[in-house]
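K.L.:
Take a look at this one; I'll ask things after.
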Amino acid sequence: MRLIFTLLIILFSFAVQASVPVYRNLKISAAEPELRATTVFQDRDGYIWIGSEKGLYKYDGFRFDKAFLDSLADVSAVNSITQNDSGVIYVGMSDGRIFRKLKSWELFPSPFTKPVSSIIFHSTGIWVATYGEGISCFTDDWQKLKTKDPSVYKMILHPSGKIFAGTDLGLVIIETQNRRVHELDQQNGLPDNIVRSVTAFGDTAVLIGTEEKGICSYNINNGNFSVPAGLTDWGWGPVNCFARLANEFWIGTAGKGIVDYEYRGERRIRRFSRDNGFPFSNINDMIHDRHGNIWIIADNKLLLSPGEKTEFINEAGAYRLKNVSAVSTDDKGYVWISTGSNLYRYNSIDNSAKQFLTDKRYQNLHITTHASSAAGLWIGTFDNGLLLLDTANGSVKWFDIKDGLPNANVISIDVSGDSVWLATLGGIALVTRAADNQFKFTDFTKAGAGRGFVYCIYNDHRGGIWFGTDGNGLLVYEKGNFRKIEVPGKSAKVIYSVTGDRYGNIWFSTQQDGVYRYNGKSLSIVNTASGLRDTEIAGLSLDIGGNVLVVHNKGIDLIDPVKLSIHPIGVDAGMESIEPALNAISNDRFGSVWIGTVMGLIRFYNYDKPDSYDPIVHIRRVFSLRNPASTSKDTVFDYDENQVSVEYTGLWYGNPESVTYQYRLIGYNSNWITTSDRMVTFPNLPAGKYTFEVKATRSNNFRYAPSDKIVFVVKSPLWKKPWFIILSLLVIVMIVYLIVRGRTQRLRRMDRLEKERITYQYDTLRSQINPHFLFNSFNTLIGIIEDNQEQAAEFAGKLSDYFRHMVQYRDKEVITLGQELELVRTYAYLQQQRFGDNLIIRISVPAEWLQQYGVPPLSLQLLIENAVKHNAVSHETPLIITVTGSGREFLIISNNLNPKSNPDRSTGIGLENIIHRFRIVSEHKVEVRKSSTHFEVELPLIKLAAHERTDR
Amino acid sequence: MKPIILAILLYFSFQSDHAQAQRYFIWAGKVTFLSDAPLEKITATSTALKGVIDFSARSFAFSLPVRSFKGFNSALQEEHFHENYMESEQYPVTTFTGKIIDEIDYSKPGKYVVRAKGIFTIKGISRERILKGTIVVKPNGALSLESDFTVLLDDYSIRIPRVVYEKIAPEISVHLESDMSIEKK
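Chains as they are written, first to last, in this note's numbering: chain W, 1 to 952; chain X, 953 to 1137.
Below, the structure is given as structure tokens:
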């Protein structure tokens, strides 16, 4: 019953395109949907570069990044893209310019004005071919080579070290070391002079695409040109480009689509053109990337195809191939297909089929399996036993239980030489050819194989025949005995498929548990936890790349037989709900695996080795959110840039979304974290050194996944750095020292000032109560009282004013010039009462100075008093004192000298005191000038702040 | 138009003027074009093709005055041809100059198919074309040239009004035949 579900599903889930490769049309720019692509290139990091008529784009599977600044190069089309040994991308434009990307894009000076066809980097220089200006080589300067024709379509560096170029007048061969040029044309056997395309074909050959005669290969060793078998009558127009797959070429033409030529094996030719549903005619460029995808520029659009690994066939000649229940291949290259009761022999070279068993007798047969042998095709059926079809004449031998068959339901057949092993729903049997040419059946049901259901047979060709049974697990027949391989678990007793790998391991699929690898001693399991997409497995096989092939409804999972890593082949190869029939799987002699499904036949041709299935993982950049513009791999961050993001990618163009990632940040958290995001942000990283490591895989198994890592540093904040701490401490000590010193000095100064003021006050006070002054004043007063009482009262009033002001001002540091002059005038009045006209005091100071400037109190008064004190004042020798404002904000007090014969006793500190006081309050010095006739003191005025002026 | 032809001829007269230089001249080649539209066939012929082929230098130049086409279905058609489509006043000559792709031994009598790649200029618009011609070397050493090719009107931005779609073919067939002489005139 379990069989029925796989055999009889009638569901239609996806449209199959016969003989047209699966491809996707990629939109390069949303802003410019009509952008015309011109060329495509894969760099060493795996990124795809697309040149267009308006700029260059870089693609990672998710987005196209425009690489050129608009102003730089957009005016002309990109014609060729190359990368040098140190990874610098060079771009040749259609106007002859060459650009390259160092830190940013820049012009690489060149003398060309015609399209740059190819750029080659070689130890002998940079070789540039142009369409119209020939071939030049750059070492120190550009040197043009002499060739017959200047129109070069394409130039390549061949593994042999020679350069090959295609021109309108033949093939140009350059020996790079001595720059010797050989030119070959029709005279030398070249089928067509116009060589539009060249590509290396192994170490000794070059493949050439021509204008009219299709392709040919040139053998470097013997100089012969040869046209591949089957391509002598080329009718598909000019050849533009090639993509080389493991055993086939895709030839891109100008106008007739793609020609797929299998140069090994069947030498089959197929065409993908407008005639058969491939909606493009002009193939501008084509490359084969590292994962086996083909990138095609077709009618200036970008296409991505997984290549021809998978081919869906639902029509063969006049026959529709549906509900394929069994598939086998024979040594002539035919594929035998049965769909229920119909049996076809399918020829994949011309996609034709021939039906067998057309007789009425076979109409109700349900064919379950078949296998080709020298005697003919062995056919197993449900309920109707075994048939042997003579494929040459169509005659059939029919075997049943009465012939010795243990059961009439034959599920699987294995042919090796003359031995035919049969798996039936009633045990195992062996058919051999006896001496009399009759077939002899050996029933193994009693020989240890049991009477249970047997689903599959695998002959390891090392003496072991393996059987998958229902309930009895895995059996092996060796040296005449059956042995059971113990498999833990209940569902492992039901085994649907068995196969073997190149290392001698046996692989078998169970009902639900997944796939086991048995190395003769122990078992390893591959299941959903390891990344297997489906455990309802329809068949197992081995492809020519060496992968174990697991066929299920979601497509094919390829298992690396050593690492057990899984490469899923699904939507990206056009496979989704393929609904394969149980064990309808067969490998042909050319390495193709043929799979029967509800929708028809799948041909799977995989030459890629297991390790080529890893995505290419790259850390694109590390950046801080604070400075997201930085695109380089800047890896040192300031303490405040500790919001660090890492952007990475796993390049897998077929199905970029299928890549999952695992990352960890050593130094922060060493656990691996699984994600499908391509960016991670770590907020608030403490200062330190971190290693970010990322792995990418397409299955969920990260064990052998490729990885990339980057180290970055978050710097300590300034104040945590030792040098900063030491420096800061020094600065603090210094400041404290300065403050202390400043304070001490200020205290000392204030102390001195205080002392001086006290001295001064004492001095003034003493002078105020100068007995001479008082005595003289009173004498004057007495004199006046008698003559003029009114004047006496005024005099007494002034005297009182004088003393009051003196008391009022003496404690102040500075008073306004006006206040001081008022005091001086009072003093002058008092003295003039005594001396009359013999004492002349003239004051001429600008009126605005009175408020603007100030002086230490009593300083002027003291000077005038000194003048009066030290000079004789008489009618003959009048004393003239002038107080004048000097233009440079000085006050000049000057008097004529007429010294007294018996001067008053002077303390001598009056003038000294004034000088000291000015030194404290003013930056200018008090100047004292003494000549034989005059004594002059120059006082610097102190500029007053606004609030001090009104202060009276 | 005369200065252009003169320039081409002069160019070839001075270029590679060594003893082996093998230049063949066409002084009055015949060119016929055919527009085969569903409703009308238009054909016209010129016998004013001038040209020079230098086999040793593998180069050639042809020049044809557009006004020299005769034999239209009507005078009005001829006028349309010159004024609406070819703009013959402004672009009086059609030229094709370039290089010969295939090498032939013109000293051996026989029929040779030769491809020529060059710049085909009509109405001042230049396109790179590869055209095929048959060169017949007669036993007496005389050479003749014959060629058939097509010209897409779209390539030279010759727009056909919608009303005359049925009367003018988008692809014009051209037939050329001429003797070539070694003498300069």
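Here a beta-carbon is modelled for each residue, glycine too, at the ideal position from N, C-alpha and C.
#1: Below 8 angstroms between beta carbons is the criterion; list the residues of the segment 163-183 of chain W that meet it against any residue of chain X, in chain order.
#2: My guess is that W/Asp-614 and W/Pro-706 are in contact by the Cβ rule of under 8 angstroms, so how many angstroms apart are they, rounded?
#3: When the Cα of W/Ile-297 is compared with those of W/Glu-262, W/Ile-258, W/Gly-125 and W/Asp-275, which residue comes out closest?
#4: How would you list, in chain order, the residues of chain W whose beta-carbon sits under 9 angstroms from the beta-carbon of X/Glu-1055?
#5: Give the DSSP bridge partners of W/Pro-899, in chain order.
#6: Rounded to whole angstroms, what is the Cα-Cα separation between X/Ile-1074 and W/Met-575?
#7: Measure from the C-beta of W/Glu-211 to each C-beta in chain X and report whether the shortest distance is under 9 angstroms.
#8: Report the rounded CA-to-CA distance for W/Thr-176 versus X/Ala-989, giving the unit in angstroms.
#9: Just verifying my parser: in three-state terms, what is the DSSP assignment at W/Ser-800?
#10: Output, in chain order, the set of chain W residues within a Cβ distance shorter than 9 angstroms of X/Ile-1176.
#11: Determine the chain W residues that contact X/Lys-1063 at a beta-carbon separation under 7 angstroms, and present them in chain order.
#12: Considering only the alpha carbon of each residue, which of W/Ser-800, W/Glu-889 and W/Lys-900 lies closest to W/Leu-944?
#13: Helix or strand or just coil, what does DSSP make of W/Met-286?
#14: Would the segment 1118-1136 of chain X count as touching the segment 1103-1110 of chain X if we require 3 or more Cβ pairs under 8 angstroms?
#15: Taking 9 angstroms as the threshold (C-beta atoms), are W/Tyr-153 and W/Ser-94 in contact?
#16: Taking W/Arg-967 and W/Leu-858 to be in contact with their CB atoms under 8 angstroms, please state how far apart those CB atoms are, rounded to whole angstroms.
#17: By the criterion of Cβ-Cβ separation under 8 angstroms, what are the contact partners of X/Lys-1051 in chain W?
#18: CB-CB under 6 angstroms to W/Phe-953, same chain, minus the five flanking residues each way: which ones, in chain order?
#19: Determine whether the beta carbon atoms of W/Val-551 and W/Leu-564 lie at a separation below 9 angstroms.
#20: Can you check whether the CB of W/Gly-209 is closer than 9 angstroms to the CB of W/Pro-228?
#21: Alpha carbons only, please: which of X/Phe-1007, X/Ala-1094 and X/Pro-1061 is nearest the one belonging to X/Arg-1067?
#22: Who are the near neighbours of W/Asp-572 in its chain, counting only those whose CB is closer than 7 angstroms to its CB and skipping five residues on each side?
#23: Using a Cβ-Cβ cutoff of less than 7 angstroms, which residues in the same chain neighbour W/Ser-373 once the five nearest sequence positions on both sides are dropped?
#24: Are at least three pairs of beta-carbons, each pair with one atom in the segment 87-101 of chain W and one in the segment 681-694 of chain W, less than 8 angstroms apart?
#25: Are the CB atoms of W/Gly-380 and W/Leu-386 within a distance shorter than 9 angstroms?
#26: Distance cutoff 9 angstroms, beta carbons only. Does X/Gln-1081 sit that close to anything in chain W?
#27: Measure the Cβ-Cβ separation of W/Val-431 and W/Asp-501 and say whether it is below 9 angstroms.
#28: Here's a check: name, in chain order, each residue in its chain whose Cβ is nearer than 6 angstroms to the Cβ of W/Ser-273, leaving out the five neighbours to either side.
#29: Under 9 angstroms, Cβ to Cβ, is there at least one residue of chain W near X/Lys-1075?
#30: Between the C-alpha atoms of W/Thr-167 and W/Thr-697, what's the straight-line distance to the nearest angstrom?
#31: Residue range of the alpha helix (DSSP H) that W/Trp-507 falls in?
#32: Mapping DSSP to helix, strand and coil, what is W/His-618?
#33: In the segment 458-545 of chain W, which residue ranges form an unbroken alpha helix (DSSP H) of at least 4 residues, counting only runs that do not cross its ends?
#34: Considering Cα atoms alone, identify which of W/Leu-190, W/Ile-120, W/Gly-170 and W/Leu-145 is closest to W/His-158.
#35: Is it true that the CB of W/Lys-144 sits closer than 9 angstroms to the CB of W/Gly-134?
#36: Is it the case that the segment 803-822 of chain W contacts the segment 773-788 of chain W, given that we only count it when at least three CB pairs across the two stretches are under 8 angstroms?
P.N.:
Based on what the coordinates show:
#1: Asp-168 and Leu-169
#2: Here residue 614 of chain W corresponds to residue number 614 of the first sequence, with the count starting at 1. Here residue 706 of chain W corresponds to residue number 706 of the first sequence, with the count starting at 1. The pair is a contact, with the Cβ atoms about 5 angstroms apart (cut-off 8 angstroms).
#3: Position 297 of the first sequence, counting from 1, holds the residue named residue 297 of chain W. The candidate whose alpha carbon is nearest that of W/Ile-297 is W/Ile-258.
#4: Here residue 1055 of chain X refers to the residue found at position 103 when the second sequence is read from its first residue. Under the 9 angstroms cutoff, chain W gives Leu-169, Asp-185, Gln-186, Gln-187 and Asn-193.
#5: By 1-based counting over the first sequence, the position of residue 899 of chain W is 899. Bridge partners of W/Pro-899: W/Asn-871.
#6: Taking the second sequence and counting its residues from 1, one reaches residue 1074 of chain X at position 122. Taking the first sequence and counting its residues from 1, one reaches residue 575 of chain W at position 575. Using only the alpha carbons, I get a separation of about 52 angstroms.
#7: Translated into positions along the first sequence, residue 211 of chain W becomes position 211. At least one chain X Cβ lies under 9 angstroms of W/Glu-211.
#8: If you number the first sequence from 1, residue 176 of chain W lands on position 176. If you number the second sequence from 1, residue 989 of chain X lands on position 37. Whole-angstrom Cα-Cα distance: 55 angstroms.
#9: Within the first sequence, the letter at position 800 stands for residue 800 of chain W. It is helical.
#10: Lying before the first or after the last residue shown, residue 1176 of chain X is absent from chain X, which here runs from 953 to 1137.
#11: Within the second sequence, numbered from 1, the residue matching residue 1063 of chain X stands at position 111. Those within 7 angstroms of X/Lys-1063 in chain W number zero; the least Cβ separation is about 17 angstroms.
#12: Residue 944 of chain W sits at position 944 when you count from the first residue of the first sequence. Comparing Cα positions, the closest option is W/Glu-889.
#13: Translated into the one-based positions of the first sequence, residue 286 of chain W becomes position 286. Strand, per DSSP.
#14: yes
#15: Along the first sequence, one-based indexing puts residue 94 of chain W at 94. Along the first sequence, one-based indexing puts residue 153 of chain W at 153. Contact flag unset, no.
#16: Because chain W in this structure spans residues 1 to 952, residue 967 of chain W falls outside the shown range and cannot be described.
#17: Residue mapping note: residue 1051 of chain X aligns to position 99 of the second sequence, counting from 1. Asp-149, Asp-168 and Leu-169, listed in chain order.
#18: For residue 953 of chain W there is no data in the structure shown, the boundaries of chain W being 1 and 952.
#19: In the first sequence, the residue the question calls residue 551 of chain W occupies position 551. In the first sequence, the residue the question calls residue 564 of chain W occupies position 564. Taking 9 angstroms as the Cβ cut-off, W/Val-551 and W/Leu-564 do not qualify as a contacting pair.
#20: Here residue 228 of chain W corresponds to residue number 228 of the first sequence, with the count starting at 1. Here residue 209 of chain W corresponds to residue number 209 of the first sequence, with the count starting at 1. Contact: no.
#21: Along the second sequence, read from residue 1 onward, the residue named residue 1067 of chain X stands at position 115. Out of X/Phe-1007, X/Ala-1094 and X/Pro-1061, X/Phe-1007 has the C-alpha closest to the C-alpha of X/Arg-1067.
#22: Taking the first sequence and counting its residues from 1, the one referred to as residue 572 of chain W is at position 572. For W/Asp-572, where only same-chain residues beyond five positions count, the Cβ hits under 7 angstroms are Pro-306, Gly-654 and Asn-655.
#23: Within the first sequence, numbered from 1, the residue matching residue 373 of chain W stands at position 373. Cβ neighbours of W/Ser-373 beyond the five flanking positions: Val-415 and Val-420.
#24: no
#25: If you number the first sequence from 1, residue 386 of chain W lands on position 386. If you number the first sequence from 1, residue 380 of chain W lands on position 380. It is a contact, given that the beta carbons lie within the stated cut-off.
#26: For the purposes of this step, residue 1081 of chain X is taken as residue 129 along the second sequence, with counting starting at 1. Residue identity check: residue 1081 of chain X is Arg in the sequence provided, not Gln. Judged by the 9 angstroms Cβ criterion, X/Arg-1081 is not in contact with chain W.
#27: Here residue 431 of chain W refers to the residue found at position 431 of the first sequence. Here residue 501 of chain W refers to the residue found at position 501 of the first sequence. Their beta carbons are not under 9 angstroms apart, which means W/Val-431 does not touch W/Asp-501 by this criterion.
#28: In the first sequence, counting from the first residue as 1, residue 273 of chain W sits at position 273. Excluding residues within five positions, the ones whose Cβ falls inside 6 angstroms are Lys-256 and Gly-257.
#29: Reading the second sequence from its first residue, position 123 is the one you call residue 1075 of chain X. So no, X/Lys-1075 is outside the interface.
#30: Here residue 167 of chain W corresponds to residue number 167 of the first sequence, with the count starting at 1. Here residue 697 of chain W corresponds to residue number 697 of the first sequence, with the count starting at 1. Each residue's alpha carbon lies about 45 angstroms from the other.
#31: On the first sequence, position 507 is the one that residue 507 of chain W refers to. W/Trp-507 -> not in any alpha helix (DSSP H); beta strand (DSSP E) instead, spanning 506-510.
#32: Stepping through the first sequence from its first residue, residue 618 of chain W is reached at position 618. Note: W/His-618 maps to strand in three-state DSSP.
#33: none
#34: To locate residue 158 of chain W, count along the first sequence from 1; it is residue 158. Among W/Leu-190, W/Ile-120, W/Gly-170 and W/Leu-145, the Cα nearest to that of W/His-158 belongs to W/Ile-120.
#35: Counting from one through the first sequence, the residue named residue 134 of chain W turns up at place 134. Counting from one through the first sequence, the residue named residue 144 of chain W turns up at place 144. Yes, Cβ-Cβ distance for W/Gly-134 and W/Lys-144 is below 9 angstroms.
#36: no
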